[in-house]
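Participant: Residues 15 to 188 in this note's numbering are what the sequence shown spells out, letter by letter.
The beta carbon of each residue, even a glycine, is placed where N, CA and C say it ideally should be.
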Amino acid sequence: MPITKEDIRAIAISKLRLKEGNSAIDIGCGSGSITVELCLQTKGNVFAIDFDQRAIELTKKNLQKFGVRAEVILGKAQDILPKLPQADAVMIGGTWGDTAHVIELAVGKLKKGGRIVIDTILIETMYQALATINELKLVEIDITQITISKARKVTTGTMMLARNPVMIISATKA
15 MPITKEDIRA
25 IAISKLRLKE
35 GNSAIDIGCG
45 SGSITVELCL
55 QTKGNVFAID
65 FDQRAIELTK
75 KNLQKFGVRA
85 EVILGKAQDI
95 LPKLPQADAV
105 MIGGTWGDTA
115 HVIELAVGKL
125 KKGGRIVIDT
135 ILIETMYQAL
145 ATINELKLVE
155 IDITQITISK
165 ARKVTTGTMM
175 LARNPVMIIS
185 ATKA
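1) Who are the Cβ neighbours of Val86 in its own chain at under 6 Å, not counting the five residues just before and after it?
2) Which residues in the same chain have their Cβ closer than 8 Å to the Cβ of Ser163, if we skip the five residues on either side of it in sequence?
3) Which residue wins for smallest C-alpha separation from Pro179, given the options Thr170, Gly171, Thr158?
4) For Ile183, which of Asp156, Ile160, Gly171, Thr172 has the nearest alpha-carbon?
5) Under the assumption that Gly35 contacts Thr56 (Cβ atoms under 8 Å), give the Cβ distance between them as a whole number of angstroms.
6) Tell me whether Ile17 sits in a helix, a strand or coil according to DSSP, three-state version.
7) Determine the burial state of Ile137: buried for a count of at least 16 other Cβ atoms within 10 Å of its Cβ, exposed for fewer.
8) What residue from Gly42, Leu32, Gly44 has the CA that sits closest to Cys53's CA?
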């Protein structure tokens with residue numbers, strides 16, 4: 015199960031500009047690492063969605079481990095989002111090839127002034143996300159590409175190993 019690495023998670027969460035009491039939706043919750051952070055930072059209503067039963071179970075386990083609560087929902091974002099209340103923040107960690115539609119539904123759930131953040135490793139997803147965000151007339155659009163390198167001991171010293179770059183797209187609903 016993919017986990018959003020700590021460094022990427024910190025930057026992505028900061029782009030949401032969360033405040034205590036905010037509500038948030040985590041689409042493609044995976045391991046629940048983002049869901050846990052959303053709960054810790056907002057202390058508000060948090061919804062986590064994933065279509066993978068293993069992701070749901072792992073998210074629930076991590077929520078329990080960190081002593082926080084969220085509503086964890088098994089299903090496709092396209093089916094679940096219309097049933098959820100409006101939120102201050104939406105985090106998208108996966109769209110499973112339906113990027114434009116998932117973003118449209120997510121933005122429909124955002125309150126005015128709400129923030130959306132999309133993490134992607136695929137250039138095609140970034141392109142689709144940017145096109146959709148522009149079409150929906152969101153503002154304060156930002157794309158940040160992050161490449162993290164971590165130290166690794168080798169026989170003669172320490173080398174830096176780069177991880178795959180991640181693009182973080184963020185925007186605000188006007």
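Facilitator: Let me spell this out:
1) Contacts found: Ala62, Ile70, Thr73, Lys74.
2) For Ser163, the CB contacts under 8 Å within the same chain, skipping 5 residues up- and downstream, are Met174, Leu175, Ala176, Arg177 in chain order.
3) Of Thr170, Gly171, Thr158, the residue nearest in Cα terms is Thr158.
4) When only C-alpha atoms are compared, the closest one is Asp156.
5) Cβ atoms of Gly35 and Thr56 come within 8 Å of each other, at about 7 Å.
6) Reduced to three states, the DSSP call for Ile17 is coil.
7) Here Ile137 is exposed, its C-beta having fewer than 16 other C-beta atoms within 10 Å.
8) For Cys53, the nearest C-alpha among the options comes from Leu32.
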